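First comes the structure, then the notes that go with it.
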Amino acid sequence: MSQQSDDRAQEVPAGLDRTLGVPQIVFMVVAMAAPLTVFAGLIPLMLGSGNGIGTPVDFVLVGIVLMLFTVGYSAMTPEVRNAGAFYSYVQRGLGTGAGLGAAALALVTYVLLMVAVSAYLGAAARNVLVTFSGVSVPWWCLAAVGLAAIGYLGYRNVEVSARVLGALLIAEVGIVALVDLAIVLRGGDNGLSAQPLTWDAFTTGAAGTGVMFAVFGFVGFETTAVFRSEAKDPDRTIPKATSIAVVLIALIYAFSSWAMINDLGVARAVDLAADDPEGLAPGLATRYLSHAAHDVMQVLLVSSFFACVLTAHNVVARYLFALGRQGALPVSLGSAHPTHRSPHVASLLTSGVIGTLLAATAITGLDPVVEIYAWFGGAGTLGLIVLLALTSAAIVVHFRRTGTAAAWTGTVAPVLSLAALGAILVLVIGNFELLIGSRTGAYVFLAVIAGAFASGLAWAPLLRRRRRQTYSALE
43 MSQQSDDRAQ
53 EVPAGLDRTL
63 GVPQIVFMVV
73 AMAAPLTVFA
83 GLIPLMLGSG
93 NGIGTPVDFV
103 LVGIVLMLFT
113 VGYSAMTPEV
123 RNAGAFYSYV
133 QRGLGTGAGL
143 GAAALALVTY
153 VLLMVAVSAY
163 LGAAARNVLV
173 TFSGVSVPWW
183 CLAAVGLAAI
193 GYLGYRNVEV
203 SARVLGALLI
213 AEVGIVALVD
223 LAIVLRGGDN
233 GLSAQPLTWD
243 AFTTGAAGTG
253 VMFAVFGFVG
263 FETTAVFRSE
273 AKDPDRTIPK
283 ATSIAVVLIA
293 LIYAFSSWAM
303 INDLGVARAV
313 DLAADDPEGL
323 APGLATRYLS
333 HAAHDVMQVL
343 LVSSFFACVL
353 TAHNVVARYL
363 FALGRQGALP
373 VSLGSAHPTH
383 RSPHVASLLT
393 SGVIGTLLAA
403 TAITGLDPVV
413 EIYAWFGGAG
423 TLGLIVLLAL
433 TSAAIVVHFR
443 RTGTAAAWTG
453 TVAPVLSLAA
463 LGAILVLVIG
473 NFELLIGSRT
483 GAYVFLAVIA
493 GAFASGLAWA
503 PLLRRRRRQT
513 YSALE
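Taking my numbering, the leading residue of the sequence shown gets 43, the next gets one more, and so forth.
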């Protein structure tokens, strides 16, 4: 980008309230990672169908890769002056065409994740309703109620969402921590073992599948930069919040999976998890705390899904806001509400799109968990890894061109993260059918991911010809 373009970008007021500090941003991104959902759903799946007792190491290794990523990401943050997150970084490093491709891919990625988790939200809420009242309501009705509440919160000031997410996150992390602590204090099944933390444990299982699932558990950490326009002192707040989020997520998941393995017993953990993955976490709550804790965990599982969708909604709305602000999409999307100082038009569009897609999946009769959650969530994971790799490449190119960063922050760490993310991407594509659960679905969603990026690339030359002034401002 030219210096003139940089100055223009800095002079354009965001129109949103700068009320978010490090704690609020961390709450939102960790809420999107959904710790209780991972504890109750993903970790048992990884034990039974992934890397077995090597699961804690999966989370540690992915955490290290993402910390390498955040080194360059944080160094480049002061030079990216809008709330476009990934696409802004890719655009700065690899050019406008690649940036618009990344923007389209990011929007599709988060929409896929929202549809996936919204469906599971409806299914989880249905189970809770049946448990406590005996009344059975279609999952899509309850998902629609959740989306309406999320749309209301997304329309208002982001600080309202941050407060709601903070309360929900404290509750869900609290019950996970209580279960983990109880296991440790009672010594697990047969004493506490460090074997799940060893390299042998990692390499004797299905390491590729385990790493693939572990990446899914970190979804959300990267969204810190999306809240740049609403952050206090964003050049300091965004990098700090990103690093804290990655470390916190890695520690919670690695420790919780280690504790779960020790409860089941190192020798029996894989078989027990494979036999009853859905019942593991609630069973732990009952055994180590009380039956009431089992019921509380069920309710908090619903709130965990709700928090995840709410954060994803805020992310998509701010992507649309940034693109509208820059003129790459209709300028109305870049308008802020006069009272709430929120991206209200973008928020309404987000609610409409997700509601329409969820209705379409319900009409086709897809199962909310086995099909919608697995297919859409798997595709969203792939899209996220591609975005991370593109951003790492953009960081390397940018700092080689400008020479404004030290060797470690501008070259070594980004290159290492790019290499690691490339390896993970190969693993995910190689196991994509397993992640999606259907060969047909795998082909369809691979086409969706590739098509999203290609559509952004194709939009760039059209924008250059039809709206040259807007395109020039993006360069």
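No residue lacks a Cβ here, since even glycine has one placed at the ideal position from N, Cα and C.
Values in this document were obtained by computation on a predicted structure and should not be read as measured data.
Can you check which of these residues, 252, 341 and 459, is closest to residue 93 by C-alpha distance? Nearest Cα to residue 93 within the set 252, 341 and 459: 252.
So, does the stretch 456–472 touch the stretch 157–165, judging by three or more C-beta pairs under 8 Å? Contact between the stretch 456–472 and the stretch 157–165 is absent: fewer than three C-beta pairs spanning the two stretches fall below 8 Å.
For residue 331 versus residue 221, is the C-beta distance shorter than 8 Å? A contact, by the Cβ cut-off of 8 Å.
How would you write the range of the alpha helix (DSSP H) that residue 274 sits in, first residue to last? Residue 274 -> no alpha helix (DSSP H), and no H or E assigned at all.
According to the neighbour-count rule (16 or more other Cβ atoms, all chains shown, within 10 Å of its Cβ), is residue 242 buried or exposed? With fewer than 16 other Cβ atoms inside 10 Å of its own Cβ, residue 242 counts as exposed.
Take every Cβ of the stretch 419–436, pair it with every Cβ of the stretch 88–105, and state whether three or more of those distances are shorter than 8 Å. Short answer: they don't touch.
Taking the straight line between their C-alpha atoms, what separation do you get for residue 77 and residue 377? Looking at the two C-alpha atoms, the distance is approximately 33 Å.
Here's a check: name, in chain order, each residue in its chain whose Cβ is nearer than 6 Å to the Cβ of residue 281, leaving out the five neighbours to either side. Its chain contains 116 and 119 as the residues whose beta carbon lies nearer than 6 Å to that of residue 281, once the 5 sequence neighbours on both sides are disregarded; these appear in chain order.
Per DSSP, the bridge partner or partners of residue 62: 273, per the DSSP bridge assignment.
Using a Cβ cut-off of 8 Å (strictly closer), state whether residue 274 contacts chain B. Of the chains in the structure shown, none is chain B; there is only one protein chain.
When the distance is taken between beta carbons, is residue 62 closer than 8 Å to residue 9? Not covered by the structure: residue 9. The range shown for the chain is 43 to 517.
Measure the alpha-carbon distance for residue 408 versus residue 232 and round it to whole angstroms. Going from the Cα of residue 408 to the Cα of residue 232 covers about 42 Å.
Three-state class that DSSP yields for residue 246 in the structure shown: Note: residue 246 maps to coil in three-state DSSP.
Hey, would you say residue 373 sits closer than 8 Å to residue 239, going by beta carbons? At a Cβ-Cβ threshold of 8 Å, residue 373 and residue 239 do not count as neighbours.
Among 65, 80 and 143, the one whose alpha carbon lies nearest that of residue 294: The option with the nearest alpha carbon to residue 294 is 80.
Straight-line CA distance for residue 245 to residue 255? Residue 245 and residue 255 have their alpha carbons spaced roughly 16 Å apart.
For residue 392 and residue 42, believed in contact at Cβ under 8 Å, the rounded distance: Since the first residue of the chain shown is 43 and the last is 517, residue 42 is not available in this structure.
Please name the residue in 348, 325 and 347 whose C-alpha comes closest to that of residue 337. Of the listed residues, the one whose Cα sits closest to residue 337 is 325.
Identify every run of the alpha helix (DSSP H) within the stretch 82–117, keeping only runs that are complete inside it and at least 4 residues long; order them along the chain. You should have 85–91.
How would you call residue 177, buried or exposed, if buried means at least 16 neighbouring beta carbons within 10 angstroms? The residue is exposed, with fewer than 16 neighbouring Cβ atoms inside 10 Å.
Taking the C-alpha atoms as reference points, what is the distance between residue 301 and residue 489? Spanning the two alpha carbons is a distance of roughly 39 Å.
Of the listed residues 64, 65 and 70, nearest to residue 348 (C-alpha basis): Closest by alpha carbon: 70.
Rounded separation between residue 456 and residue 450 - CA only: Residue 450 has its alpha-carbon roughly 8 Å from the corresponding atom of residue 456.
Whose C-alpha, out of 345, 478, 399 and 484, is nearest the C-alpha of residue 258? Closest in C-alpha terms to residue 258, from the list 345, 478, 399 and 484, comes 478.
Which of helix, strand or coil DSSP assigns to residue 372: Looking at residue 372 - three-state DSSP - the assignment turns out to be coil, as it is neither helix nor strand.
Can you give me the C-alpha to C-alpha distance between residue 375 and residue 361, rounded to a whole angstrom? When rounded, the separation of the alpha-carbon atoms in residue 375 and residue 361 is 10 Å.
Straight-line Cα distance separating residue 187 from residue 452: One C-alpha to the other measures close to 46 Å.
Tell me which residues share the same chain as residue 184 and place their Cβ nearer than 6 Å to its Cβ, disregarding the 5 neighbours each side in the sequence. A distance below 6 Å between beta-carbons, with the five flanking residues on each side excluded, links residue 184 to the following residues of its chain, in chain order: 164, 167 and 168.
Could you give the distance in angstroms between the alpha-carbon of residue 189 and the alpha-carbon of residue 155? In this structure, the CA atom of residue 189 is about 14 Å from the CA atom of residue 155.
What separation, rounded to the nearest whole angstrom, lies between the Cα atoms of residue 180 and residue 149? Here the alpha carbon of residue 180 sits roughly 28 Å from the alpha carbon of residue 149.
To which residues of the same chain is residue 498 closer than 6 Å at the C-beta, ignoring the five residues directly before and after it? Around residue 498, the same chain offers 142, 143, 145 and 146 as residues with beta carbons nearer than 6 Å, after the five sequence neighbours per side are excluded.
Secondary structure of residue 310, DSSP reduced to three states: Looking at residue 310 - three-state DSSP - the assignment turns out to be coil, as it is neither helix nor strand.
Is residue 317 helix, strand or coil when you go by DSSP? Helix.
Straight-line gap, residue 273 to residue 365 (C-alpha atoms, nearest Å): Near 18 Å, if we compare the C-alpha coordinates of residue 365 and residue 273.
With distances taken between CB atoms, is the gap from residue 225 to residue 305 smaller than 8 Å? Against a cut-off of 8 Å, the Cβ pair of residue 305 and residue 225 comes out as a contact.
Between which two residues does the alpha helix (DSSP H) containing residue 41 stretch? Residue 41 falls outside the range modelled here, since the chain spans only 43 to 517, and no answer is possible.
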